[in-house]
Amino acid sequence: METSKKSLPPEAYRELAPGEKYVPLVPPEQNIPEVTPRSVLWGLFMALFFTFSMAYLGLKVGTVPEAAIPIAILAVGIGYAYRRKNTILENVIIQSIGAASGAVVAGAIFTIPALFIIGLPIDVFKIFLSTFLGGCLGILFLIPLRRYFCAEQHGRLPFPEATATTEILVSGESGGTQAKPLILGVIIAGIYEFLAIGVRLWNEIITFRFLPFMDKLAEKTRMVLKIDALSAFLGLGYVIGLRYNAIIVAGGLLSHFGFIPVIWFLGQHFPEAIYPGKIPIAQMNEVQIFTTYVRNIGIGAIFMAGVIGIIKSMPIMVKSFSLGFKEIFKGKKSGTVQEIIRTDRDLKMSTIIAGILLTALALFFYFLWISNLKFALIGVVICFLLSFLFTTVAANAIAIVGTNPVSGMTLITIILSSVILIGAGLSGNEGMAVALLIGAVVCTALSVSGSFITDLKIGYWIGATPRNQERFKFTGILISALTVGVAIFILDKAFSFQSGALAAPQANLMAAVIKSLMSREPVTWLLYGVGASIAIVAELAKIPPLPFALGMYLPLHLTTPLLVGGFLSHLIKNSSPDKELAEKRHNKGMLISSGFIAGGALMGIVLAVLKLANLDHYVSLGVSMVLENGKWVDGAPAAWYTRYGEIISLVAFLLLMGFVYWEARREKK
């Protein structure tokens, strides 16, 4: 049975008028195949395959590529191998189960390798329990928030990654003209990013230091304006829109044009290193000042923005649980349960509560196994409290910018856990092990909750049954958790985390922090406090504190292209006094931008694989290698690349923007 519509309705990405209801692509009254052996088995295969590949890529390259987009593309392609093509709801299930891979991998590789680096005992079963139980917490705490994020905030939160993935699934279903702008965007982004990163025909990051006054400003004040001129970031900025991007970049400008110059200026008067720095500030560049001092201010701001968000969303949580309890007791009393439409049907509240209690019990015995009764109770309380509190932060961050600041929240978890454990009398190797495993549980919970809100929003737009997504997400988490421990042990045997052959930057950071804390070195409470104060001021000024805090935390070159994309979106949305035509043009730009995100993600995986296979230097042979004494020498860029690479990058980025604007403006009424 085919869906009645072949594209998302026009109200999919805008706020609804009073009394207006959103009708998804597959209406609630329509039933088409959704949970089938085909969709579940392919989803589990994707979870298995991508867990291995993402763990390898993440530990080697230092970041976990997003799995949702390539899995959605593969799901659409797989459908054509069958006599009956996959329904769009089957593809949603494949994507939702498979996307568990990236979330579980992020939770594991940000924390678990730190145990290997420090030399603490660990086994596959402990890794499995940490990631599986953390993933269960992430799902269970998010379900009561589904209606709030997906329905009540409809049109207010941009959901950039969910938008790109949804457009891929819808275009695969509709084919024809609907898919052409998306495919065009994928092809152009793939070529553009291959030339920029693979062949290195131009610089990826523009610093504008080729302008004499900008170079002088950087030398004198450490103020450097940077743009990561990649198509994926431009597309992401277009999808997010101007308002949120402006707030994000405002936070970034405060960090890079406010705090960095001030710290640099004051640091000139101190010849010795100032904690947590290892060298004097006078010897630091802007990147070192940011990572050593300013990012801690951003972490404090994210933490306080999260607390503010929790306070504001607490009525929603209470309402969700109270409605669930009413349904439980009402059903028992009357013997009937009120029928809920298919597209609004979640797991029963009784099931969620039972799942939370079972997870708490399992966590208690897990921590009792590695410690004693006292610290097992402390571990369970910390895991539950921080996972519950930060779930809203993770979901909100993904909904706003498509980026989950999970490493920052995990760092807070490890710091708080260490302080509490030390106060309770646990330190040394056992204290470090317990704190890192608490961090692994919380990190996985937050990573999964951030990823899962994307899946649920995709389902909301398309018309999937939330209950099916929620039930089978557990299977994806189970397979990924079973796989990631094996992958980490294989990688340690092959490369050894202690040797540094695998970058694992987040795990190395966690290891350094935990060792300094357990050695009773001071914590940068002052920097965290400054960030927390800024988040409070932002809230009082009616500026959304979380996007502002994310801007403070993220490097400037990652946020400035988002603003450019948001400005481009604003121009196209106001390109005609005819609102219908302007909306049509904007939607075409949305398809192209979603293609940019997908193409950038796919090419990122391709280039990462080339790098892992040590083939990347052959790709960039003519640019990144020079002939010296008759031999090719790696690592010495050609003179023209060093001199003109940023200028070429700026021209290429402007041409990319011009293409989006021109292609969208071609749309006629």
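Each residue of the sequence shown is one higher than the one before, starting from 1 at the first, in our numbering.
All residues carry an ideal CB built from backbone N, CA and C; glycine is no exception.
Predicted model only: the values in this text are computed from it and were never measured.
Nearest-angstrom Cα separation, counted from residue j out to residue i
i, j, result
"S649", "I462", "38 Å"
"A511", "E580", "55 Å"
"W42", "I69", "15 Å"
"P28", "G459", "12 Å"
"A659", "L142", "Looking at the sequence shown, residue 659 is not Ala but Phe. Each residue's Cα considered, the two are about 39 Å apart."
"S39", "S594", "24 Å"
"K515", "A481", "27 Å"
"Y13", "S371", "50 Å"
"L201", "R222", "27 Å"
"A360", "T51", "26 Å"
"S418", "A582", "54 Å"
"L540", "V224", "30 Å"
"Y22", "I340", "16 Å"
"G198", "M603", "9 Å"
"A47", "I205", "33 Å"
"F45", "T131", "18 Å"
"V484", "G77", "26 Å"
"D578", "H570", "15 Å"
"A639", "D228", "Interpretation of A639 is limited by its pLDDT of 49, a score under 50 that renders its predicted location unreliable; the figure taken from the coordinates is listed afterwards. Each residue's alpha carbon lies about 21 Å from the other."
"I415", "L363", "20 Å"
"S427", "E90", "49 Å"
"A440", "S387", "11 Å"
"I248", "T559", "7 Å"
"A164", "D346", "24 Å"
"I240", "E161", "9 Å"
"A108", "T475", "17 Å"
8 Å contact criterion, which residue i and residue j should meet: CB distance rounded
i, j, result
"A232", "I597", "5 Å"
"E193", "L236", "13 Å between Cβ atoms; not a contact."
"H586", "K573", "4 Å"
"M518", "M432", "5 Å"
"G135", "V105", "That belief does not hold up - the Cβ atoms of G135 and V105 are roughly 11 Å apart, past 8 Å."
"I139", "V448", "6 Å"
"A301", "M552", "5 Å"
"L8", "Y238", "So it is not a contact: roughly 16 Å between Cβ atoms."
"A75", "I97", "Contact flag wrong, Cβ pair sits at about 10 Å."
"F210", "E646", "5 Å"
Residue environment, residue i, which counts as buried when at least 16 other CB atoms sit within 10 Å
i, result
"H269", "exposed"
"Q283", "exposed"
"F159", "buried"
"V651", "exposed"
"F367", "buried"
"G529", "exposed"
"I281", "buried"
"Y82", "exposed"
"E667", "buried"
"N86", "buried"
"I187", "exposed"
"V287", "exposed"
"E152", "exposed"
"K588", "buried"
"K457", "buried"
"G565", "buried"
"K493", "exposed"
"P561", "buried"
"S496", "exposed"
Alpha helix (DSSP H) segment containing residue i, residue limits
i, result
"H570", "556 to 573"
"N285", "Counting along the chain, N285 falls outside any alpha helix (DSSP H), and DSSP gives it neither H nor E."
"L25", "Segment: none, L25 is in no alpha helix (DSSP H) and carries neither H nor E."
"R243", "242 to 254"
"E539", "525 to 540"
"W264", "260 to 267"
"V92", "88 to 98"
"E430", "428 to 462"
"A75", "68 to 79"
"T221", "212 to 221"
"A549", "545 to 553"
- Query: Taking the runs of the alpha helix (DSSP H) that are 4 residues or longer, which of them lie wholly in the segment 117 to 187?
  - Reply: 124 to 142, 160 to 174
- Query: In chain order, which continuous runs of the beta strand (DSSP E) of length 3 or greater are located wholly inside the segment 363 to 404?
  - Reply: none
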